[in-house]
Amino acid sequence: MKMVFPICFSRKPRLKNSFFVTASIPCKVVYREEKQLKGDRFSLVVTLSSEELDKDGFVVDFDPVQQVLENLRNRLESEPLNQLTGEPFSMKSLLYFIHQQLDESIKTPHIIQKVYLEGDREGFGLEVI
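In this text, residue positions in the sequence shown follow this note's numbering: the first is 2, and each later residue adds one.
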């Protein structure tokens, strides 16, 4: 099944000639707490920025970004986060892990501006300043 990504496109007035695109994908994060395996459902939201548009007028070719997010989601759903990061579960370690994986996987000059998790209880975010 092919995922559909809601896309937001805007110019931020304080950043001259910067364009942004946001991708969102549903994700279940699995982690081990004490001796129990637990999980939470989130929407993984990633915002990329660029100083210019490509020749077709887009911020980024979305197919590679979609593939990266799907691969990341599959990893997060198949292995406990504690095993992936080597650290106890925390939202901070989860966000840094996601940001690191995206940074290594997206081989373009785009800047990962924001990584955000929206869940049933509360939202957690990591913003690049």
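Yeah, the Cβ is synthetic: ideal placement off N, Cα and C, and Gly gets one too.
In this structure, does DSSP put residue i in helix, strand or coil?
i: Val-69; result: helix
i: Ser-44; result: strand
i: Glu-119; result: strand
i: Leu-49; result: strand
i: Ile-113; result: strand
i: Ser-19; result: coil
i: Ile-99; result: helix
i: Ser-25; result: strand
Report the residue from the options whose alpha carbon sits nearest the alpha carbon of residue i.
i: Leu-118; options: Leu-95, Phe-21, Gln-67; result: Leu-95
i: Ile-99; options: Val-22, Ser-44, Glu-34; result: Ser-44
i: Leu-70; options: Gly-120, Val-22, Gln-102; result: Gln-102
Quick one: Cα of residue i to Cα of residue j, how far?
i: Thr-48; j: Arg-74; result: 16 Å
i: Gln-67; j: Val-46; result: 12 Å
i: Glu-53; j: Ile-107; result: 17 Å
i: Lys-115; j: Gln-37; result: 31 Å
i: Asp-55; j: Arg-33; result: 43 Å
i: Leu-61; j: Gly-40; result: According to the sequence provided, residue 61 is Val. The question's Leu does not apply to it. Approximately 32 Å between the Cα atoms of the pair.
i: Arg-76; j: Leu-82; result: 9 Å
i: Glu-35; j: Ser-19; result: 45 Å
i: Ile-26; j: Phe-59; result: 20 Å
i: Glu-88; j: Tyr-97; result: 12 Å
Count the other CB atoms within 10 Å of the CB of residue i; is the residue buried (16 or more) or exposed (fewer)?
i: Ser-79; result: exposed
i: Ser-51; result: buried
i: Ser-91; result: exposed
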